[in-house]
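So the sequence shown is numbered by this note's numbering: it starts at 9 and just counts up by one. Inspection log for the structure reproduced underneath, given as structure tokens.
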Amino acid sequence: MAIAFTFPGQGSQSVGMGKELAETFPESRRVFEEVDEALGEKLSTLIWEGPEETLTLTANAQPALMAVSLAAIRALEASGLVLKDKVAFVAGHSLGEYSALAAAGTFSVADTARLLRIRGNAMQAAVPAGVGAMAAIIGLEEPAVAEACAEAAENSVCQIANDNGGGQLVISGEKAAVERAAKLCTEKGAKRALMLQVSAPFHSALMNPAADAMREALAKVDKRPPAVPVVANVVVQPLTDPDEIAARLVEQVTGRVRWRETVDWFAANGVTTLYEIGSGKVLSGLARRINRDIAVANVAAPADVDAAISTLN
């Protein structure tokens with residue numbers, strides 16, 4: 009009967025997210041102030057007022073989503089939650105892994121904001137516009153998608169970026185190769201192969217320059233053992249050593265987000281409820297498709313905080 013907290017990734021952002029938390033809990037408001045101070049700009053104004061197209065930019069969306077997740081954590085803590093007493097594991101989808109680590113105390117909020125700004129800028133700069141692409145493959149199992157990527161690569165880059173479960177995988181790499189792989193997936197029986205409107209080929213080998221940037225940035229930041237283990241995206245194992253955590257975060261830039269396996273790992277290790285902490289319900293939806301035996305809940309607003317506390321206590 010264990011509980012895990014999960015933290016959303018890019019795509020879960022929306023204008024206005026976290027504002028009600030900041031208006032209700034001084035501790036939540038302070039998170040947004042810390043992020044603004046760390047970045048030297050009013051990211052909070054962008055989060056709450058938009059415009060949406062600016063918030064969606066990778067360099068903004070990543071620290072913004074973290075800020076909302078940490079605002080929710082601070083609201084829970086202000087209401088009596090002690091993370092290590094109630095939560096067995098934390099995990100996050102891509103950038104959400106940084107939110108999970110900040111929640112567990114490995115990084116400060118300010119350092120996490122700066123790391124995610126570096127990460128977002130580095131990922132955007134790693135590949136010239138139009139060179140890379142990503143596609144969502146719906147209704148085809150992982151072995152067949154991997155085979156299509158290998159066949160389509162033709163000495164270029166094409167690989168699985170996200171295994172989200174429920175028959176949803178995302179592939180990433182050089183544009184022509186991804187387009188070839190998407191066509192092959194359709195021929196192999198995929199229900200849909202949809203090219204995604206993204207600004208870069210995330211979680212592919214084309215992100216190597218961004219991985220180098222994160223290795224350098226993570227080497228300079230203070231790191232503490234997390235209060236509870238983090239189940240890392242690229243190895244699907246609980247980690248507590250700060251240096252290993254940093255190494256896996258570097259790997260994550262070019263590696264696969266193994267979310268289906270993460271949810272399965274939770275189920276196999278006694279987790280009965282997943283709380284999605286922050287904006288949106290993407291991870292809750294994925295969890296329902298992966299394993300219906302795991303209960304899901306969300307914490308994104310003051311009413312959610314009250315409901316979670318009443319259940320957790």
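All C-beta atoms in this analysis are idealised placements derived from N, C-alpha and C, irrespective of residue type, glycine included. This one's a predicted model, so the numbers in the text were calculated from it and none came from an experiment.
| Item | Value |
| --- | --- |
| C-beta atoms of Pro237 and Leu226 nearer than 8 Å | no |
| Pair within 8 Å by beta-carbon distance, His211 and Arg266 | no |
| N-terminal and C-terminal residue of the alpha helix (DSSP H) that Arg264 is part of | Neither: Arg264 is in no alpha helix (DSSP H) and is coded neither H nor E. |
| N- and C-terminal bounds of the beta strand (DSSP E) containing Ser292 | Unbroken run through Ser292 is the alpha helix (DSSP H), Val290 to Ile298; no beta strand (DSSP E). |
| Residue range of the unbroken beta strand (DSSP E) whose run includes Asn306 | Ala303 to Val307 |
| Assigned secondary structure, Ala208 (DSSP; H/G/I helix, E/B strand, else coil) | coil |
| Through-space distance from Leu91 to Thr53, alpha-carbon basis | 29 Å |
| Three-way DSSP call (helix, strand, coil) for Ala161 in this model | helix |
| Residue burial classification, Gly17 (beta-carbon count within 10 angstroms, cutoff 16) | buried |
| Integer Cβ distance of Ile298 from Val271, believed to fall under 8 Å | 4 Å |
| Outcome for Leu124 when other beta-carbon atoms lying within 10 angstroms are tallied against a minimum of 16 | buried |
| Contact between the region 41-53 and the region 70-84 (3+ Cβ pairs under 8 Å) | yes |
| Spatial distance of Val58 from Gln205 (CA atoms) | The residue you asked about is not Val; residue 58 is Gly in the sequence shown. Straight-line Cα distance between these residues: approximately 19 Å. |
| Which of helix, strand or coil DSSP assigns to Arg232 | coil |
| Three-state secondary structure assigned by DSSP to Val239 | strand |
| Continuous beta strand (DSSP E) stretch holding Phe15: start and end | Ala10 to Phe15 |
| Buried versus exposed, by CB contacts within 10 Å (16 or more), Gly48 | exposed |
| Reduced DSSP category for Ser116 - H, G, I as helix; E, B as strand; rest coil | coil |
| Unbroken stretches of the beta strand (DSSP E), 3 residues or longer, contained in the region 114-150 | 140-146 |
| Neighbourhood of Ala275 by C-beta, 7 Å cutoff - its chain only, sequence neighbours within 5 removed | Asn299, Asp301 and Ile302 |
| Simplified DSSP assignment, three categories, for Pro246 | strand |
| Same chain, Cβ closer than 8 Å to Ser292, five either side skipped, listed in chain order | Leu282, Glu284, Val304, Ala305 and Asn306 |
| N-terminal and C-terminal residue of the beta strand (DSSP E) that Glu187 is part of | Run containing Glu187: none in the beta strand (DSSP E); it sits in the alpha helix (DSSP H), Lys183 to Glu195. |
| Outcome for Ser318 when other beta-carbon atoms lying within 10 angstroms are tallied against a minimum of 16 | exposed |
| Paired residues, beta bridge with Glu284 - DSSP | Thr14 and Asn306 |
| Whole-number beta carbon distance between Leu29 and Pro310, since they are thought to touch under 8 Å | 6 Å |
| Span of the beta strand (DSSP E), counted from its first residue to its last, around Phe40 | Careful: Phe40 lies outside any beta strand (DSSP E), inside the alpha helix (DSSP H) at Pro34 to Leu47. |
| DSSP-derived helix/strand/coil call for Gln70 | helix |
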